[in-house]
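Trainee:
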Amino acid sequence: MHVHEKPIYESSHTVEGGNFDEAGKVASQIKANLKKVGLRKDVIMKAALVAYESEINIVSYAKKGMIQISVTAQKVNIEAIDEGQGIPDINLAMQEGYSTATSKIREMGFGAGMGLCNIKKFSDLFQITSEIGKGTHLKMVINIVNGS
Amino acid sequence: MTLNEVKEILDAEVLFGRDQLGMEVKTAFGADLMSDVLAFAKSGSLLLTGLTNPQVIRTSDILDIAAIIMVRGKKPAPETIRLAEELNIPILSTKYILFETAGRLYEKGIKGCLERVDSNFARP
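If you read the protein sequences in the order shown, they are chains Z and E.
Counted the way the numbering used here counts, the first sequence spans residues 1454 to 1601.
Counted the way the numbering used here counts, the second sequence spans residues 17 to 140.
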């Protein structure tokens, strides 16, 4: 698919770093919105899951961040952009089980070094860039049409 | 089996969702790590967990979990119950430990939502 597809749905959500009580609210919202758009159940679940793990990461490690979502007939694009400490070694961070989580994060049932792995696993395309002291940028694509 | 039968088997207290006890459930997943729940649990399953914070409800919402069984006699904070009400996800609390909870349900026909995790596992 090389044709630029027009989005059928777009939204942008702010995520407040350190606000553990609200963590997951944005992902719930995104899920409800995608339901209204009428996407397939499995696509909605993958998108919501990827958004949720991204949101947990922003709440856990950044000052603030943004989750953007754009849906075309072909795919769901999700970006998570944060202003945070950044990741010194991305290969290490992508290793299952590697974690720098605080006890607060572990209390929530996260921080076992699986977040980024889950995001990668449930995305059809996954890109991560990070700059120390500035922040991290995740780009995920979930295909709606197989093989697109 | 119905959620009401689950309640009877586990001698559980219904903390929210009394009106949904008629729902049918066939499978379950048990873990305290929400990242594992996200990776492996399937929609329509029961979630057995010892975690009681609002993230259990958020995670269940994302996955369309049928109902949450809090094990080891755990009782969630009021904000967890409030969120369950908002997202309409039943919560039951049982005094049985996770192992006993799983065993008692399995004995009566509830199966794991997946049997084992192979290295090539990916959500279908």
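Glycine is no exception: its CB is placed at the ideal position from the N, C-alpha and C atoms.
Taking only beta carbons into account, state which residues of the stretch 65-87 of chain E come closer than 9 Å to chain Z, listed in chain order.
Mentor: THR65, LEU67, ASN69, PRO70, GLN71, VAL72, ILE73, ARG74, THR75, ASP77, ILE78, LEU79, ASP80
Trainee: In this structure, does DSSP put GLY1470 of chain Z in helix, strand or coil?
Mentor: For this step, residue 1470 of chain Z is matched to residue 17 along the first sequence. In this structure, GLY1470 of chain Z counts as coil in the three-state DSSP scheme.
Trainee: Looking only at C-alpha atoms, which of E:THR110, E:PRO106, E:LEU54, E:LEU49 sits nearest to LEU37 of chain E?
Mentor: Along the second sequence, one-based indexing puts residue 37 of chain E at 21. Of the candidates E:THR110, E:PRO106, E:LEU54, E:LEU49, the one whose C-alpha sits nearest the C-alpha of LEU37 of chain E is E:PRO106.
Trainee: Output the distance between the C-alpha atoms of ASN1596 of chain Z and ILE1522 of chain Z, rounded to the nearest integer angstrom.
Mentor: Numbered from 1 along the first sequence, position 143 holds the residue referred to as residue 1596 of chain Z. Numbered from 1 along the first sequence, position 69 holds the residue referred to as residue 1522 of chain Z. Approximately 13 Å, taken between the alpha carbons.
Trainee: Whose C-beta lies closer than 8 Å to the C-beta of PHE32 of chain E among residues of the same chain, with five residues either side of it excluded?
Mentor: Here residue 32 of chain E corresponds to residue number 16 of the second sequence, with the count starting at 1. The answer, listed in chain order, is ILE97, ALA100, GLU101, ILE105, PRO106, ILE107.
Trainee: Beta carbon of ALA57 of chain E, beta carbon of LEU121 of chain E: below 9 Å?
Mentor: Stepping through the second sequence from its first residue, residue 57 of chain E is reached at position 41. Stepping through the second sequence from its first residue, residue 121 of chain E is reached at position 105. Result no, Cβ atoms of ALA57 of chain E and LEU121 of chain E do not sit closer than 9 Å.
Trainee: Counting contacts by CB-CB distance shorter than 9 Å, is SER1481 of chain Z in contact with chain E?
Mentor: As a first step, residue 1481 of chain Z must be located in the first sequence, where it is residue number 28. At least one chain E Cβ lies under 9 Å of SER1481 of chain Z.
Trainee: Suppose you measure from the CA of ALA1515 of chain Z to the CA of GLY1588 of chain Z; what does that come to, to the nearest Å?
Mentor: Working through the first sequence from its first residue, we reach residue 1515 of chain Z at position 62. Working through the first sequence from its first residue, we reach residue 1588 of chain Z at position 135. The C-alpha of GLY1588 of chain Z is placed about 7 Å away from the C-alpha of ALA1515 of chain Z.
Trainee: Which runs of the alpha helix (DSSP H) fall wholly inside the stretch 1493-1542 of chain Z and span at least 4 residues, in chain order?
Mentor: 1494-1514
Trainee: Would ALA1476 of chain Z pass as an interface residue toward chain E - the criterion being a Cβ-Cβ separation below 9 Å?
Mentor: For the purposes of this step, residue 1476 of chain Z is taken as the residue at position 23 of the first sequence. True, the Cβ-Cβ gap to chain E drops below 9 Å.
Trainee: Could you spell out where the beta strand (DSSP E) holding MET1593 of chain Z opens and where it closes?
Mentor: Your numbering for residue 1593 of chain Z matches position 140 in the first sequence. Per DSSP, MET1593 of chain Z belongs to the beta strand (DSSP E) from 1588-1596.
Trainee: Tell me which same chain residues have a C-beta within less than 7 Å of the C-beta of GLU95 of chain E, skipping the five on either side of it?
Mentor: In the second sequence, the residue the question calls residue 95 of chain E occupies position 79. The residues are PRO70.
Trainee: With DSSP run on the structure shown, which of helix, strand or coil describes LYS23 of chain E?
Mentor: If you number the second sequence from 1, residue 23 of chain E lands on position 7. If DSSP states are grouped into helix, strand and coil, LYS23 of chain E belongs with the helices.
Trainee: Expressed to the nearest angstrom, what Euclidean distance is found between the alpha-carbon atoms of LYS124 of chain E and GLY1568 of chain Z?
Mentor: Numbered from its first residue, the second sequence carries residue 124 of chain E at position 108. Numbered from its first residue, the first sequence carries residue 1568 of chain Z at position 115. One C-alpha to the other measures close to 34 Å.
Trainee: Going along chain Z in order, which residues have a C-beta closer than 8 Å to the C-beta of ASP52 of chain E?
Mentor: For the purposes of this step, residue 52 of chain E is taken as residue 36 along the second sequence, with counting starting at 1. Per Cβ cutoff of 8 Å: ALA1565, MET1567.
Trainee: Can you check which of these residues, Z:GLY1491, Z:GLU1469, Z:HIS1590, Z:SER1583, is closest to THR1525 of chain Z by C-alpha distance?
Mentor: As a first step, residue 1525 of chain Z must be located in the first sequence, where it is residue number 72. Minimum Cα distance to THR1525 of chain Z is reached at Z:GLY1491.
Trainee: Among Z:ASN1510, Z:LYS1494, Z:GLN1538, which one has its Cα closest to the Cα of GLY1586 of chain Z?
Mentor: Translated into positions along the first sequence, residue 1586 of chain Z becomes position 133. The candidate whose alpha carbon is nearest that of GLY1586 of chain Z is Z:GLN1538.
Trainee: Look up TYR1462 of chain Z in the DSSP assignment and give the residues it is bridged to.
Mentor: In the first sequence, residue 1462 of chain Z corresponds to position 9, counting from 1. According to DSSP, TYR1462 of chain Z bridges with Z:VAL1524.
Trainee: If you draw a straight line from the C-alpha of PHE1575 of chain Z to the C-alpha of LEU103 of chain E, how long is it?
Mentor: Taking the first sequence and counting its residues from 1, one reaches residue 1575 of chain Z at position 122. Taking the second sequence and counting its residues from 1, one reaches residue 103 of chain E at position 87. Approximately 24 Å between the Cα atoms of the pair.
Trainee: How would you list, in chain order, the residues of chain E whose beta-carbon sits under 7 Å from the beta-carbon of GLU1469 of chain Z?
Mentor: Counting from one through the first sequence, the residue named residue 1469 of chain Z turns up at place 16. Under a criterion of Cβ atoms nearer than 7 Å, no residue of chain E is adjacent to GLU1469 of chain Z; the nearest Cβ is some 15 Å distant.
Trainee: Whose CA, out of Z:THR1553, Z:ILE1558, Z:GLU1560, Z:ALA1500, lies closest to the CA of PHE1579 of chain Z?
Mentor: Counting from 1 along the first sequence, the entry for residue 1579 of chain Z is found at position 126. Among Z:THR1553, Z:ILE1558, Z:GLU1560, Z:ALA1500, the Cα nearest to that of PHE1579 of chain Z is on Z:ALA1500.
Trainee: Do you know how far the Cα of GLY128 of chain E is from the Cα of THR110 of chain E?
Mentor: As a working mapping, residue 110 of chain E is identified with position 94 in the second sequence. As a working mapping, residue 128 of chain E is identified with position 112 in the second sequence. So the alpha carbons of these two residues sit roughly 19 Å apart.
Trainee: Going by DSSP, name the residue or residues bridged to PHE45 of chain E.
Mentor: One-based indexing of the second sequence puts residue 45 of chain E at position 29. According to DSSP, which records beta bridges pairwise, PHE45 of chain E is partnered with E:LEU63.
Trainee: Determine the DSSP secondary structure at THR18 of chain E, reduced to helix, strand or coil.
Mentor: Position 2 of the second sequence, counted from the start, is the residue given in the question as residue 18 of chain E. THR18 of chain E falls in the strand class under three-state DSSP.
Trainee: Where do the N-terminal and C-terminal ends of the beta strand (DSSP E) with GLN1580 of chain Z fall, by residue?
Mentor: Working through the first sequence from its first residue, we reach residue 1580 of chain Z at position 127. Taken as a continuous stretch (DSSP letters only), the beta strand (DSSP E) holding GLN1580 of chain Z covers 1578-1584.
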